[in-house]
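Numbering (the UniProt record's numbering), first residue to last: 1 to 162. Yeah, the Cβ is synthetic: ideal placement off N, Cα and C, and Gly gets one too. This one's a predicted model, so the numbers in the text were calculated from it and none came from an experiment. Beneath this line is the structure, given in C-alpha cells, with notes to follow.
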Amino acid sequence: MINGKRISRMKRVDILLAELRSFVFQAQAAGRASTGGENPVPPPPSATSTAVFADPGRDAIMPFLKMQTNFANQRGEYGYFVFDGFTDPRYPIYVAPVHAGDEVVLASDGYPVLRGTLDASEAELLRLRRKDPLLIREFKDTKGFSPTLESFDDHTYVRFVV
C-alpha cells in the first residue's frame, strides 16, 4: 500500500485454487439443498473451539497446491517469486515507485483486507473471521480460519515513511 492505495500482488494460482475451493463448498451445499439433505458446510469455527472441521474444498485442491510449487521462481502465467535462495536475479520483480514522504505499508497475504494501520488491519481480520470464517465468499482463499489459530495464515505488517 502506498499512500493508502492498495497494490495487490496475489498469485494467479492462488486466485484459481481459492475459487475452486469455494466452488466445491458451494456445489456441495447446493447438491444437499436440492435433495433436502444436511448442509455440508461446517459451522464457523469459534475462537474458543479446539475442534478441527472438515474442509472438502481444501481436500479437493490439495493435489494442485502441491503442484503449484513447480512454478516457484518461474516466469509465466502461474509463476511466482519466492525468497528461497534459488531465485534467478533476473526474475521480473514488481517495483512500485515511491517518493520522499510517501507512506508505505508492506504486508503479507495474512492481511487480506489491508488498512493504513496495524490496528485497523487487525480489526478487518477479526471482522472477516466473524463474517466469512471459511473464506469461501467475501475473501476466497485456499484455506479458512482455524479454530486453534489466531489467523488463517502467517501475517506480517510493516509501515514506514520514505
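| Asked | Found |
| --- | --- |
| Paired residues, beta bridge with I2 - DSSP | K5 and V104 |
| Identity of the residues DSSP links to R159 by a beta bridge | V105 |
| CA nearest to the CA of P92, picked from V105, G101, E77 and G36 | E77 |
| Identified DSSP bridge partners for Y80 | A72 |
| Segment limits, alpha helix (DSSP H) that includes I136 | Per DSSP, I136 belongs to no alpha helix (DSSP H) and is neither H nor E. |
| Cβ-Cβ separation, V162 to G101 (assumed contact under 8 angstroms), whole Å | 7 angstroms |
| L114 vs M1 beta-carbon contact at 7 angstroms | yes |
| Best match in T148, E122, A123 and F152 for proximity to P135 [C-alpha to C-alpha] | Sequence inspection shows Leu at residue 135; the Pro mentioned does not correspond to that position. Among T148, E122, A123 and F152, the Cα nearest to that of L135 belongs to F152. |
| For V13, three-class secondary structure by DSSP | helix |
| Classification of R126 by the beta-carbon crowding that lies within 10 angstroms, buried from 16 upward | Checking the sequence shown, residue 126 turns out to be Leu, not Arg. L126 comes out exposed. |
| Neighbourhood of I7 by C-beta distance below 7 angstroms, restricted to the same chain and skipping five residues each side | M1 and A96 |
| contact_flag[the segment 23-34, the segment 51-67] where n(CB pairs < 8 angstroms) is 3 or more | yes |
| Length of the line joining the Cα atoms of F86 and G36 | 52 angstroms |
| Where Y94 falls, given that 16 or more other Cβ within 10 Å makes a residue buried | exposed |
| Alpha carbon of V98 to alpha carbon of N3, nearest angstrom | 9 angstroms |
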